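For reference, the structure discussed in these notes is given below.
In our numbering, the protein residues as written are 1128 to 1339.
Take a look at the structure:
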């Protein structure tokens, strides 16, 4: 894939995950080319790749649209995420290194600070720190295949839908799960780490299901 195609893919994907393009929105090549600053050919490449990621689907007489998810789809995605991330946490516990664990501590501390400060940007802080936290767990897990599966099958727009339903105490509880996971990783206890991660993911699903 060319650099232009890669840039278009990342830009459109980020737009979908951040809600810039909502479920059901048509993806018009001309508009996307202007948005991404590339020609239409890289846009076509990017849309095909997003189709493979299940973030885009094709509809008769409409072309490419942002995929929407049923409640059943969301439940399936959370179950898949719990399996994948639980396994990643188990692997990470076997390979944890002090420097990465210190990074995780810093992310947890940053979220607590944002929640306690009353900052109007606490949600952005949480989202960014949450993404970095889970990415770091995959770094320690040491499996590019696992990371690829997560990226392709775990729809991050579901993560965004979930946290938008969270009150401050929900965010605090989620961040406490992260702190518990760090303790399991520092102990090198894979079973504990897996259990914490699975409970963390499924708790988020219960919160989302209860809010809708």
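We put the beta carbon where it would ideally sit given N, CA and C, even for glycine.
Nothing here was measured: the structure is a model prediction, and the numbers come from that model.
Residues sharing a beta bridge with residue i, DSSP
i            : result
residue 1183 : 1193
residue 1153 : 1192
Which listed residue (the options) has its alpha carbon closest to that of residue i
i            : options                : result
residue 1328 : 1203, 1129, 1195, 1315 : 1203
residue 1293 : 1234, 1154, 1249, 1217 : 1249
residue 1186 : 1208, 1272, 1154, 1159 : 1154
residue 1275 : 1138, 1208, 1141       : 1208
residue 1151 : 1184, 1140, 1296, 1179 : 1184
residue 1178 : 1145, 1251, 1139       : 1139
residue 1273 : 1247, 1307, 1210       : 1210
residue 1295 : 1278, 1264, 1241, 1317 : 1241
residue 1299 : 1237, 1314, 1188       : 1237
residue 1163 : 1188, 1130, 1189       : 1130
residue 1336 : 1314, 1137, 1197       : 1197
residue 1218 : 1145, 1315, 1334       : 1315
residue 1175 : 1137, 1146, 1145       : 1137
residue 1313 : 1145, 1141, 1223, 1159 : 1223
residue 1191 : 1158, 1225, 1270, 1229 : 1158
7 Å CB neighbourhood of residue i in its chain, flanking five on each side removed
i            : result
residue 1266 : 1227
residue 1132 : 1169, 1172, 1173
residue 1257 : none
residue 1195 : 1150, 1151
residue 1189 : 1153
residue 1165 : 1131, 1134, 1135
residue 1264 : 1215, 1216, 1219
Spatial neighbours of residue i in its chain, beta-carbon cut-off 6 Å, leaving aside the 5 residues before and after
i            : result
residue 1156 : 1167, 1170
residue 1304 : 1327
residue 1234 : 1256, 1259, 1260
residue 1148 : 1142, 1193
Whole-Å CB distance - residue i paired with residue j, under 8 Å assumed
i            : j            : result
residue 1311 : residue 1220 : 6 Å
residue 1231 : residue 1253 : The Cβ separation is near 15 Å, so there is no contact.
residue 1301 : residue 1331 : 7 Å
residue 1324 : residue 1212 : 5 Å
residue 1173 : residue 1135 : 4 Å
residue 1321 : residue 1214 : 7 Å
residue 1279 : residue 1180 : 5 Å
residue 1334 : residue 1297 : 6 Å
Test: residue i CB closer than 8 Å to a CB of chain D
i            : result
residue 1300 : Going by chain labels, chain D is absent from the structure shown, which holds only one protein chain.
Cut-off 8 Å between Cβ atoms - residues of its own chain near residue i, not counting five sequence neighbours on either side
i            : result
residue 1239 : 1299, 1302
Practice task
Could I get the ranges of all uninterrupted alpha helix (DSSP H) runs contained in the segment 1241 to 1316, with 4 residues as the minimum, in chain order?
Solution key: 1249 to 1268, 1271 to 1280, 1283 to 1290, 1295 to 1314
Practice task
Kindly provide the ranges of any alpha helix (DSSP H) runs that are 4 or more residues long and lie completely inside the segment 1197 to 1234, ordered along the chain.
Solution key: 1198 to 1222
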